[in-house]
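From first to last, the protein sequence lines stand for chains A, B and C. Take the first sequence: its position 26, counted from the start at 1, is 26 in my numbering, and no numbers get skipped. Take the second sequence: its position 9, counted from the start at 1, is 9 in my numbering, and no numbers get skipped. Take the third sequence: its position 122, counted from the start at 1, is 122 in my numbering, and no numbers get skipped. Note that beta-carbon positions come from the ideal geometry of N, C-alpha and C, so glycine has one too.
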Amino acid sequence: MKFAAADIYRSIGDIREKSPLVHNITNYVVMNNTANALLAIGASPVMIHAEEEVAEMAKMASALVMNIGTISEPWVRGMFAAFAAATKKGIPVIIDPVGAGATAWRTQTVRDLIRAGRPTIIRGNASEILALTDDRSKTKGVDSIAASDEALSSARRISEMYSCVVCVSGPMDYVVDRGDVVKISNGHPMMTKVTGLGCTASALCGAFAAVETNAHAAAAKAMAVMGIAGEVAAQKAFGPGSLQMHFLDVLYNLTENDIRERLKYEE
Amino acid sequence: MKFAAADIYRSIGDIREKSPLVHNITNYVVMNNTANALLAIGASPVMIHAEEEVAEMAKMASALVMNIGTISEPWVRGMFAAFAAATKKGIPVIIDPVGAGATAWRTQTVRDLIRAGRPTIIRGNASEILALTDDRSKTKGVDSIAASDEALSSARRISEMYSCVVCVSGPMDYVVDRGDVVKISNGHPMMTKVTGLGCTASALCGAFAAVETNAHAAAAKAMAVMGIAGEVAAQKAFGPGSLQMHFLDVLYNLTENDIRERLKYEE
Amino acid sequence: MKFAAADIYRSIGDIREKSPLVHNITNYVVMNNTANALLAIGASPVMIHAEEEVAEMAKMASALVMNIGTISEPWVRGMFAAFAAATKKGIPVIIDPVGAGATAWRTQTVRDLIRAGRPTIIRGNASEILALTDDRSKTKGVDSIAASDEALSSARRISEMYSCVVCVSGPMDYVVDRGDVVKISNGHPMMTKVTGLGCTASALCGAFAAVETNAHAAAAKAMAVMGIAGEVAAQKAFGPGSLQMHFLDVLYNLTENDIRERLKYEE
């Protein structure tokens, strides 16, 4: 897959114009930032999770993003119900397997979830993606201890198995659609010192997938925008507190020129 | 109802001096910002929701703010218990029907909640207020797709029915106490790109109602302060990330002069 | 106990180098800030709470921090399970009795929790610490209405009873290990206008206790770093919004010199 700065910027324009409703069932830690990032890029976030209403929400939503960061049984039930409704309607579904591999229950839960419908994009760090297929993989809490390239064969396997795009994020992001791998090396090391930017990346995958039928392109564009916005924000920041603030401002103001000057991708 | 900048500023002084305890049962997305906004204006926030303790908390609180953003059954039970205790004690109760109209369960839940006690102020966007009386009203997630003036007759009806103040917020805020309507047109478009400023407005209604017996004036003052603080913050901001930060700083430092120079209201 | 700026800075170096996994079961209001503060100081936060997995997480974690701010029954069950596993493994456990004294259920719950294992550090404001032993103590929501020195004898008693360190925070922080009391008077009044900085203090106790076997020193160092970072941040801030942002930047960039110039402690 090929894409240029102009393609990315056109998709941002689509998001800003259509303001797609992105339904998030995500963790408590990042809800505020995720909602703000979606608003900043031009989408319309909604964050409900109750089993009683998630299926009905799918009827209105243009994408569903599920993130297992702080799951408990009632939230898992909400995710299964939302996933079924989203799969039935045919909207893109993004799954973020936060902390997969950290505990047996978490790993099993997200494996079961992935099999319960048709995921469009799965995005995680290397440890998390490895844990989806490999029982020996270990995550240190929610931070990756594996390098992205170690997870590449897992990513390919999952992509084949579920006919979905798998994104392994890290200093180099791998966006995998079966044999087709796009590598994006935008971003800044200080981004790892802000909680939940991985979760934001998954939410942006939802926003791009809502306006772009090619899921591989949607995921790659989202990862490129994350990395580029992080770089621009890091230039203005004195630490992770100001990085988080500037990141939202930069997402809101992102220009085609910012993207053209910085985009670093290879097939 | 008439009010001047001096009245608003006097109420802010009362909040800063008395630091009223405002009990919030609100959604996960905005809890941090809501607590920070209440602290910045001078109130003392508490955010507990468990059925086991909410009634006892009402004994200490000067206002109760309930927001249905991310409800589930246990939280709804907590809201009913808190509402009963607050109504019994006679403290002001503010209800924010976030996303009313988006799903049948949500709409029914908030309609039942409103009928379960004596709400003092109901604050929502136009879609949400319309959904309280009109089954055909549709909300797009949590963002309004109706104009504020469309909701005005609904607001009047609800105000009559429950003897409460109804506030429809938007570019023009309508603060309705039966036949008496105050219009406030402060605010800035970028405020819609920060998640949860509507929820903050409801929380500030709680802070003002805690120190001001006239609920109509309390709601109008809260809406004016929201809009004015948002305008001042937007002047300093480069995007929604910095707007959110400056908003808290501005609330904390708001002067009578800021209010006098900017207040835009009409009866 | 004696300690100097160099000791504190050495511990920060250990945190930055080892990046200890700090498992937090904390409240919804502060989760984002707590995770960000732990990342900024160099630790690795994880925030899971489900009964199904907390015990397994203890095997990986270097410290457990439990905070009762927004508890409900399922979270309390998660805390008991996590505490048992952490006590069995022997990692430090920090308990933050947010709002103890505000309701009977809350007070009883945290008293039961403390007795269920071996807490290493208990950190709260004066009202909260008093409420752990005194039924007549009253908290105003989550803000202290007692002075720190009033809670000193309670703190000593709890420290003796549970062989743990008790930290009473306020304008003067008392860090009590039975007869040994360290007083730290760093900090800035504006810190009370940012929600959850007390919760952040408890989380930092977890980070320091993860790399420092002397719990008394760990708690004292955490309180000193909180106060010093708050002072430096307040110098740059225009209000509580920017204070919160600068606080994270300052934690991330804290130097030995910052600590040496500002540390105010006495035995």
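Exercise. Using DSSP with H/G/I as helix, E/B as strand and the rest coil, what is A/V165?
Worked result: strand
Exercise. From this set, C/V168, C/P74, C/C164 and C/S169, which residue's C-alpha is nearest C/R178's C-alpha?
Worked result: C/C164
Exercise. Which bits of chain C does A/S127 rub up against, with CB to CB less than 9 Å?
Worked result: Going along chain C, no residue has its Cβ under 9 Å from A/S127, so there is no contact; the nearest lies around 12 Å.
Exercise. In whole angstroms, what is the alpha-carbon distance linking B/I12 and C/S11?
Worked result: 44 Å
Exercise. So what's A/N36 in DSSP terms, helix, strand or just coil?
Worked result: helix
For this session: Put B/P45 into one of helix, strand or coil per three-state DSSP.
Result: strand
Problem set entry | chain A contact residues for C/P92, given Cβ-Cβ distances below 7 Å | In chain order: nothing, as chain A lies at least about 16 Å away.
Exercise. Buried or exposed: where does C/L189 fall if 16 or more other Cβ atoms within 10 Å of its Cβ makes it buried?
Worked result: Note on identity: in this sequence residue 189 of chain C is Pro, with Leu being the wrong assignment. It counts as exposed.
For this session: Output yes or no for whether 7 Å exceeds the beta carbon distance between C/C205 and C/A219.
Result: yes
Exercise. How about A/M31 and B/Y265: do their beta carbons lie closer than 7 Å?
Worked result: no
For this session: For A/R16, name the three-state secondary structure that DSSP assigns.
Result: helix
Problem set entry | Buried/exposed call for A/R123, threshold 16 Cβ in 10 Å | buried
Exercise. To the nearest angstrom, how far is it from the Cα of C/V175 to the Cα of C/S159?
Worked result: 10 Å
For this session: Counting only runs of 4+ residues fully inside the stretch 98-162 of chain A, write out the alpha helix (DSSP H) ranges in chain order.
Result: 104-115, 126-133 and 152-162
Exercise. In terms of DSSP beta bridges, what is B/I174 paired with?
Worked result: Checking the sequence, you will find Tyr at residue 174 of chain B rather than Ile. Answer by DSSP bridge pairing, in chain order: B/V168 and B/K183.
For this session: Excluding the 5 residues preceding and the 5 following B/V194 in the sequence, name in chain order all residues of the same chain whose CB lies nearer than 8 Å to its CB.
Result: P240, L243, Q244 and F247
Exercise. For the candidate residues C/A217, C/T200 and C/A209, whose alpha-carbon lies nearest to that of C/G269?
Worked result: Any property of residue 269 of chain C remains undetermined from this structure, which presents chain C solely from 1 to 267.
Problem set entry | Presumed contact (8 Å Cβ cut-off) between A/A217 and A/V22, rounded CB distance | About 17 Å separates the two Cβ atoms, so there is no contact after all.
Exercise. Comparing alpha-carbon positions, which option in B/K183, B/T109 and B/T255 lies nearest B/M1?
Worked result: B/K183
For this session: Reducing DSSP to helix, strand and coil, say where A/N67 ends up.
Result: strand
Problem set entry | Range of the contiguous alpha helix (DSSP H) that encloses B/L254 | It is not in any alpha helix (DSSP H) - B/L254 carries neither H nor E in the DSSP assignment.
Exercise. If you compare alpha carbons, which of B/V225, B/R16 and B/I48 is closest to C/T103?
Worked result: B/I48
For this session: Could you have a look at B/V29 and say whether DSSP puts it in helix, strand or coil?
Result: coil
Exercise. Can you find a C-beta in chain A that's less than 7 Å from the C-beta of B/T200?
Worked result: no
For this session: Determine the extent of the beta strand (DSSP E) in which B/V93 is found, giving its start and end residues.
Result: V93 to D96
For this session: Could you tell me whether any Cβ in chain B is nearer than 7 Å to the Cβ of A/L243?
Result: no
Exercise. In chain A, which residues lie with their C-beta within 9 Å of the C-beta of C/F208?
Worked result: Under the 9 Å cutoff, chain A gives no residues; its nearest Cβ is about 18 Å from C/F208.
For this session: Please name the residue in A/T120, A/D180 and A/L152 whose C-alpha comes closest to that of A/M172.
Result: A/L152
For this session: Check whether the Cβ of B/A234 lies closer than 7 Å to any Cβ atom in chain C.
Result: no
Exercise. Under 6 Å from any heavy atom of the ligand MN, does the C-beta of C/K18 make it?
Worked result: Questions concerning the ligand MN fall outside what the structure shown contains, since it holds no ligand whatsoever.
For this session: Closer than 9 Å, Cβ to Cβ, to anything on chain B: give me those residues from the stretch 12-29 of chain C, in chain order.
Result: N27, Y28 and V29
Exercise. In chain C, what lies closer than 8 Å to A/V194 by C-beta?
Worked result: N36 and L39
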